[in-house]
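The structure appears below as structure tokens.
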Amino acid sequence: MPSKPNAKGGTEKDKDLQPDIEVGADQFMTTDQGVKINDDQNSLKAGDRGPTLLEDFILREKITHFDHERIPERVVHARGTAAHGYFQVYESMAKYTKAKFLQDSAAKTPVFVRFSTVAGFRGSTDLARDVRGFAVKFYTEEGNFDLVGNNIPVFFIQDAIKFPDLIHAVKPEPHNEIPQAASAHDTFWDFISLMPESMHMIMWVMSDRAIPRSLRMMEGFGVHTFRFVNEKDEATFIKFHWKPLLGVHSVAWDEALKISGKDPDFHRRDLYEAIENGAFPEWELGVQIVPEKDEHKFEFDLLDPTKIIPEELVPVQRIGKMTLNRNPDNFFAETEQVAFHPGHIVPGIDFTNDPLLQGRLFSYLDTQLSRLGSPNFHEIPINRPVVPVHNNQRDGHMRQTINKGVASYHPNSIGGGCPFQAKMAEGGFSSYGERIDAKKIRERSSSFFDHFSQATLFFNSQSEPEKNHIIDALRFELGKVVREEIRERMLGLLSKIDKILAEKVAAGLGLKVPAKPIEPMNHSMPADADPKKYQPKVIKSSIERSEALSMANTIKNTIKSRQIAMLAADGSDDKAIDKMKKALEAEGATTMIIAPRLGYLKTASGKEMKIDQSFLTSSSVFFDAVYVPGGASATLLQEPDAIHFVTEAYRHCKAIAADNDGVELLEASAANSKMEDNDNLAQDGLILNSPPEAFIKAIAQHRVWEREKLHKVPA
Ligand code: HDD
1 MPSKPNAKGG TEKDKDLQPD IEVGADQFMT TDQGVKINDD QNSLKAGDRG PTLLEDFILR
61 EKITHFDHER IPERVVHARG TAAHGYFQVY ESMAKYTKAK FLQDSAAKTP VFVRFSTVAG
121 FRGSTDLARD VRGFAVKFYT EEGNFDLVGN NIPVFFIQDA IKFPDLIHAV KPEPHNEIPQ
181 AASAHDTFWD FISLMPESMH MIMWVMSDRA IPRSLRMMEG FGVHTFRFVN EKDEATFIKF
241 HWKPLLGVHS VAWDEALKIS GKDPDFHRRD LYEAIENGAF PEWELGVQIV PEKDEHKFEF
301 DLLDPTKIIP EELVPVQRIG KMTLNRNPDN FFAETEQVAF HPGHIVPGID FTNDPLLQGR
361 LFSYLDTQLS RLGSPNFHEI PINRPVVPVH NNQRDGHMRQ TINKGVASYH PNSIGGGCPF
421 QAKMAEGGFS SYGERIDAKK IRERSSSFFD HFSQATLFFN SQSEPEKNHI IDALRFELGK
481 VVREEIRERM LGLLSKIDKI LAEKVAAGLG LKVPAKPIEP MNHSMPADAD PKKYQPKVIK
541 SSIERSEALS MANTIKNTIK SRQIAMLAAD GSDDKAIDKM KKALEAEGAT TMIIAPRLGY
601 LKTASGKEMK IDQSFLTSSS VFFDAVYVPG GASATLLQEP DAIHFVTEAY RHCKAIAADN
661 DGVELLEASA ANSKMEDNDN LAQDGLILNS PPEAFIKAIA QHRVWEREKL HKVPA
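Start counting the sequence shown at 1; every next residue gets the next number (full-length UniProt numbering).
Encoded structure:
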């Protein structure tokens, strides 16, 4: 059976990790050989001022280990953070799949999830404009299943052979290693401008999806079409989705830039603290199911990873829930050493011929060999399955398993034929018997040649503020490109998505949209190809808008785990603070007192109140909303940082509440412009002298993006 929580509420995987956990508390310090150390302060010397002796095995061991502490970072997705948890299916999916972890709604399957950015190095900022990796390792009773996805449902390229080109283009440029964790440079846009197949993904990456508010507030996607296979060996096509129960939310670009400087670990910290505070992030697993007979029913190819299946065509069925409830004990041992691989599947799940997926099936095992240094990386505690492993793989660097017996081959008679193969009825994996009758050919199917219709669908599905953010992002990114011909090529491609989009971007760049995109438009073609045959196909999508594509339509009924700043100083109204704090915390939010200095403040009723952060150590960009109680306006108005705090929160479209003379701080800030000529301030997220409920409602809206119409960020 899959794991049931053990006595301490842990999963099978938690139990499996127990023997490898080391705690030094109340223990003697030892060498790696277990010898107790008497002096860890001084090396062994010939006389107290003499040379250090080579004989000092304690010194040598310690320094040697230190010298080898680093391993290569991931070539992509180097920057990441992870958490443990479990997955539970809502009801049996036996009709579609025999995968055991999708059968029993009482069973909890342990998971380990790593979120990441793609382009930046290990130490880069969390808030870079980038795709987020969303990799889930399910430790099932039939072995590990890895769903190695992203927070964007499509990809830049259609064939894995282009992946090294894509990554070389986006990584810092090779001559000067600039810029870090950014796509806003010539090599990236040079490549993209020659690859029209990337246009759909570009729309997503230029949207606010690429700057999430929190890793807990983003969707996840398996991207490729996979297969479910049931007991009768019947297959269906599947797209995997993760839907966050907190909704899908992002920060503003100006915020992202500021957070990158003020707290580059913002997402990592947010995930860690949410879990420590018991606000466990949750996602529902969704699937879009397409019967095999419908494979060719769509105006796009199911095997093309640059396409979604719009939810209007095939709804997403929510089949289970994942909860992340435990932080790793050791970043290196777990988060750094975890090794995902889309090729790790279990009976009941299978691949399709998506050429991007097929290439990935080679890459992951290969990259782990150089990153983790040995074919035995599956034995590292975080990677090993919760079921026993028996096979004839032997030896290699760092082998942990002590295989008994002399027969390390199959068939054998000496070992009684063991380990033996499992029949399918015994859970043996057998690949789905897809019929293939084909000529070997190095080509791309013409069914992959529509590069614009879904880019247009995405753009059309966005709210006005979201569209403006895409335009701003493109102006920024292309504005950082030095070579003008690259900008012009991009404007040509953008005009194929939406004329107004292209014109607005062009205006920001001081350019005109070229009358005709530069031909041939597609450089991703074989040397001998006829360019005419490789031109993108123009298809009009049967769907003009898709609600699910806009974050404006996401869940906005909760403030769980949101961070609220309360600006206070000596004299602040403690009763108002307590009332607001209680109401916000009852809804699952976290509050912090921010004041001109650290220490304690004296409240209106003479009490001492602990200050959590000062204006110097904190910033409005770390918070979702701001509250200014009455009582201390005279002091706060003397603090330019307090006024700036409110101005910035206002310009970043956040909910702001104030009571009594606290309102004066808003009047001294950028919010004042709105207050002069607006009698429906609550709609604008400004909650004055109102009960906490009104503030809670406003915070749940996440942002009042409409504010940008009048007053754009930056603050
Ligand atoms: Fe990949 C890592 C997701 C295309 C080659 N990839 C990696 C990770 C994620 C993805 C989430 C980080 C896993 C972790 O946290 O350790 N990759 C994707 C998605 C793709 C995709 C959703 C397209 C749909 N990737 C892709 C292609 C190739 C690779 C086409 C190569 C042909 N990816 C790798 C890799 C990495 C990797 C080089 C680097 C580190 C690692 O594998 O473990 O093998």
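Think of the CB as a built atom: it goes at the ideal place given N, C-alpha and C, for glycine as much as any other residue.
Taken through DSSP and simplified to helix, strand or coil, Q462 comes out as coil. A contact is defined here as three or more CB-CB pairs under 8 Å, and the region 148-162 fails this definition with respect to the region 383-396.
Around the beta carbon of G247, a 10 Å sphere encloses 16 or more other beta carbons of the protein chains shown; the residue is thus reported as buried. N144 and I58 have their alpha carbons spaced roughly 40 Å apart.
Boundaries of the alpha helix (DSSP H) around Y650: P640 to R651. For the pair of segments examined, the region 257-275 was found to touch the region 121-132: the number of CB pairs separated by less than 8 Å reaches three. Pairing P281 with A274, the inter-Cα distance amounts to about 8 Å. By the criterion of at least three beta-carbon pairs nearer than 8 Å, the region 594-602 is in contact with the region 636-655.
At a cut-off of 8 Å, the beta-carbon of Q368 counts as near the ligand HDD: some heavy atom of the ligand is closer than that. Residue burial is scored here from C-beta neighbours: I202 has at least 16 other C-beta atoms within 10 angstroms and is therefore classed as buried. Shortest gap from the CB of H451 to any heavy atom of the ligand HDD: 8 Å or more. Straight across, the Cα-Cα distance linking S193 with K582 is about 53 Å. By the C-beta criterion, the region 321-337 is judged not to be in contact with the region 345-359, since fewer than 3 inter-stretch pairs fall below 8 Å. Under the three-state reduction of DSSP, N391 is assigned to coil, being neither helix nor strand.
If only complete runs of 3 or more residues are kept, the region 303-382 shows the beta strand (DSSP E) at 317-326, in order along the chain.
Classified as exposed, C418 has fewer than 16 neighbouring CB atoms from the shown chains inside 10 Å of its CB.
Take the alpha-carbon of T187 and the one of L457: they are about 27 Å apart.
Distance from the CA of R444 to the CA of G428, rounded to the nearest whole angstrom, comes to 34 Å. For P174, the secondary structure class from DSSP, reduced to helix, strand or coil, is coil. Under DSSP, V35 shares a beta bridge with no residue. In this structure, W705 sits away from A473, with a CB-CB distance that is not shorter than 9 Å.
If only uninterrupted beta strand (DSSP E) runs of at least 3 residues are considered, none is enclosed by the region 251-286.
Taking the Cβ atoms as the reference, A655 lies roughly 4 Å from G685, within the contact range of under 8 Å. Under the DSSP assignment, W189 falls in the alpha helix (DSSP H) whose first and last residues are D186 to S193.
Judged by DSSP secondary structure, M490 falls within the alpha helix (DSSP H) whose first and last residues are E484 to I497.
Counting along the chain, the unbroken beta strand (DSSP E) around H84 starts and ends at G80 to V89. Between L710 and the set N660, H652 and D661, the nearest pair of CA atoms involves H652. A straight-line Cα-Cα distance of about 31 Å links G278 and E379. Counting C-beta pairs with one atom in each stretch, the region 565-578 and the region 597-610 have three or more that are closer than 8 Å, which means they touch. Comparing alpha-carbon positions, the option among D16, D304 and V75 lying closest to H168 turns out to be V75. Shown here for D56: same chain residues with a beta carbon closer than 6 Å to its own, the five before and five after excluded, namely S43 and L44 in chain order.
I211 is positioned such that its CB atom lies closer than 9 Å to that of S250. In the DSSP assignment, T236 is bridged to F228 and P291.
Burial check for P291: the Cβ neighbour count within 10 Å stays below 16, so the residue is exposed. Taking 8 Å as the cut-off, the C-beta of R360 counts as close to a heavy atom of the ligand HDD.
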